Amino acid sequence: LDVTLSPNPSLTFRTIGGILDFYLFMGPTPENVVQQYTEAIGRPHMPAYWSLGFQLSRWGYGSLDVLKETVDRMKRYDIPYDVQHFDIDYMERRLDFTYDKVNFAGLPEFMKELKKSGKHNVVILDPFITKDEKPGTYRPYELGQEMGVWVNNSDGVTPAVGQAWPPGDSVFPDYTNPRTVEWWTQLCLEFKDVLDYDGIWIDMNEPSNFMRGQRPGCADNEINNPPYTPRISDRSLAEKTLCPDSKTYLGDHYNTHSLFGWSQTEPTFNVVQQATGKRAFVLSRSTFVGSGKHGGHWLGDNFSQWKDLRRSVVGILEFNLFGIPYIGADICGFNYNTTYELCLRWMQLGSFYPFSRNHNAEGNSEQDPAVFGDAFAKISRATLRIRYSLLPYLYTLFYESHVYGGTVVRSLMHEFTSDQETHGIDTAFLWGPAFMITPVLEEATRSVTVYFPEAQWFDYYTVLPSAWKKNYATVSAPLNKIPLFIRGGYILPQQAPATTTTESRLNPFGLIIALDEQGQASGSLFWDDGDSIDTIEKENYFLAKYTFSKVSDSM
């Protein structure tokens, strides 16, 4: 199947068959459409408060010493930072459920230290398991073999064998099989005793395979080579994955391919809650309709290029429409070396992604916000402190999304639908209805052209009302500033920032009251302990609704 969208507006579905069920969500507002859609597919999960803090990651620290140096310089510059991710280099030879006892000797203790300092840890796990370790030495494979949990070849009996990160050849767990869920749950629970994780990042779960189909290649039949193949990589359904005629518990891989990551997400969510006794953090590379109920997503392996910085705004807007509001892109870019200015502008924009994580690929130069020197660190720190001070507002938006199913980040069109001018704007975005972020997206640029829809807007920094309404204006944006605006008529809860949410949650609260032309404003604050399971369902929370109206001057 492929679907072509044209500006007519029209949709063209091209398919070789099957039943097409159409669901129409009538709105009438864009926000209503998303609410109706998530009512059908599942509401977004409620994230833990700490997962709204800034997160650091890198594939290629290479050793615990390099990671420690990174953590130390983040501390030296007092840059807000809540979560440390561990990519595949923490593993022994890239084997799931292991850690490298040479290069990462002392990792379990270090993770405990990070937790003591108020931070949280997220480990990566891949969905392929090597079958070629010495017999009796690699339990994940042997237990899986015993329980019969793999995706099979077309015969339905022998496991599909491909190649991925671990040495030798790999087999692929079939998460549509309840036995696989048992196997995965058991291993993740046991691993918690080895590394004290707070969340799991599930990568490569398309599933990714470094070949075209498994060994010895895909048979030439109609399911592997259908009469029409959409314009995908090499026009082959098996490219970098398994043959479509492979067998999963629910049927042919041809039918279940898009469900692979989705079927891994819920069991991972459940086991993280079981292992930690707290709200789950699951980050998945592959998603499908309904994935937002149990996980978040990042926009995949991007590049350290200005065009990828720009595109990320579109990506976070789209995933909010898909019911996956916990979304972000790799800040500063994953592939290629970043540059000072690109990374700085990306730190400014990324400070306002719902999921805010700086991540980098193996072999690239370091790009954490503390590595570029004083000026860069100071600007990153200042911008992140704005994020942290507004976390009560962001958290309240996630509460509303979880309960009512709407967006957290939305386009201007979403709020000002009747204004045609907003329909083409994908360079600025809103947190909820009230906070507008207008990032610099071009190199060597020190101003931004901002469209102000019809409302009273206040400059976040000066609190001065802007003179613009239903108008474009050029706004100054020196290197140390990302322009931010508050919409009149709204009350935003805030809290004094700190270096972690563990500390900031103890700080005094405040309210930003931005009046509309009638001198009125309203807003709300959702608050709970930040990481207990089902606080909303158990009614173990505090919810305040605020209203303000100005007494008329004549009194």
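Just remember that my numbering sits 1 ahead of the position in the sequence shown, which is counted from 1.
Virtual Cβ for every residue (Gly too), placed ideally from N, Cα, C.
All values reported here derive from a predicted model rather than from experimental measurement.
Chain-order list of residues whose beta-carbon lies under 6 angstroms from that of residue i (same chain, five-residue window excluded)
i: residue 559; result: Summary: the structure shown does not reach residue 559, with the chain confined to residues 2 through 556, and so no result is reported for it.
i: residue 227; result: 17
i: residue 88; result: 60, 125
i: residue 481; result: 380
i: residue 13; result: 5
i: residue 219; result: 225, 239, 244
i: residue 517; result: 457, 489, 490
i: residue 402; result: 45, 326, 409
i: residue 465; result: none
Beta-bridge partners of residue i, as assigned by DSSP
i: residue 60; result: Bridge partners of residue 60: none, in fact.
i: residue 546; result: 525
i: residue 126; result: 203
i: residue 486; result: 437, 460
i: residue 7; result: 11
i: residue 85; result: 57, 122
i: residue 515; result: 491
i: residue 299; result: 329
i: residue 1; result: The requested residue 1 is not part of the displayed model; the chain covers only 2 to 556.
i: residue 336; result: 304
i: residue 285; result: 203, 298
i: residue 359; result: 57, 332
i: residue 16; result: Note: residue 16 sits in no beta bridge, so no partner.
i: residue 510; result: 496
CB of residue i within 8 angstroms of CB of residue j, strictly
i: residue 288; j: residue 262; result: yes
i: residue 431; j: residue 442; result: no
i: residue 406; j: residue 44; result: yes
i: residue 598; j: residue 71; result: Limits of the chain in this structure are 2 at one end and 556 at the other, which puts residue 598 out of reach.
i: residue 167; j: residue 129; result: yes
i: residue 238; j: residue 245; result: yes
i: residue 272; j: residue 186; result: yes
i: residue 356; j: residue 328; result: yes
i: residue 115; j: residue 122; result: yes
i: residue 502; j: residue 392; result: yes
i: residue 79; j: residue 411; result: no
i: residue 202; j: residue 144; result: no
i: residue 63; j: residue 97; result: no
i: residue 348; j: residue 384; result: yes
i: residue 564; j: residue 527; result: This structure cannot settle anything about residue 564, because the visible part of the chain is limited to 2 through 556.
i: residue 451; j: residue 474; result: yes
i: residue 127; j: residue 205; result: yes
i: residue 486; j: residue 460; result: yes
Residue i (DSSP reduced to helix, strand or coil)
i: residue 372; result: coil
i: residue 80; result: coil
i: residue 366; result: coil
i: residue 310; result: helix
i: residue 497; result: coil
i: residue 31; result: helix
i: residue 321; result: helix
i: residue 267; result: helix
i: residue 240; result: strand
i: residue 131; result: strand
i: residue 91; result: helix
i: residue 46; result: coil
i: residue 275; result: helix
i: residue 219; result: coil
i: residue 235; result: helix
i: residue 316; result: helix
i: residue 116; result: helix
i: residue 67; result: helix
i: residue 537; result: coil
i: residue 144; result: helix
i: residue 109; result: helix
i: residue 380; result: helix
i: residue 74; result: helix
i: residue 551; result: coil
Cβ-based neighbour list, residue i, same chain, cut-off 7 angstroms, excluding 5 preceding and 5 following
i: residue 207; result: 242, 261, 262, 287
i: residue 276; result: 189, 190, 193
i: residue 26; result: 34, 37, 38
i: residue 180; result: 148, 149, 150
i: residue 448; result: 475, 476, 477, 478
Proximal residues to residue i (C-beta, below 8 angstroms), its chain only, five neighbours per side dropped
i: residue 555; result: With a pLDDT of 47 at residue 555, under the threshold of 50, the modelled position of this residue cannot be trusted; read the value that follows with caution. There are no such residues.
Cβ of residue i within 8 angstroms of any chain D Cβ
i: residue 84; result: Looking for chain D here will not work: only one protein chain is present.
Proximity test, residue i beta-carbon vs the ligand MG heavy atom, cut-off 7 angstroms
i: residue 531; result: Of ligands this structure carries none, so the ligand MG is not represented either.
At what residue ranges does the region 391-477 contain a whole run of the alpha helix (DSSP H), taking only runs of 4 or more?
392-405, 413-416
If we require 4 or more residues per run, which alpha helix (DSSP H) segments fall completely within the region 151-213?
179-193
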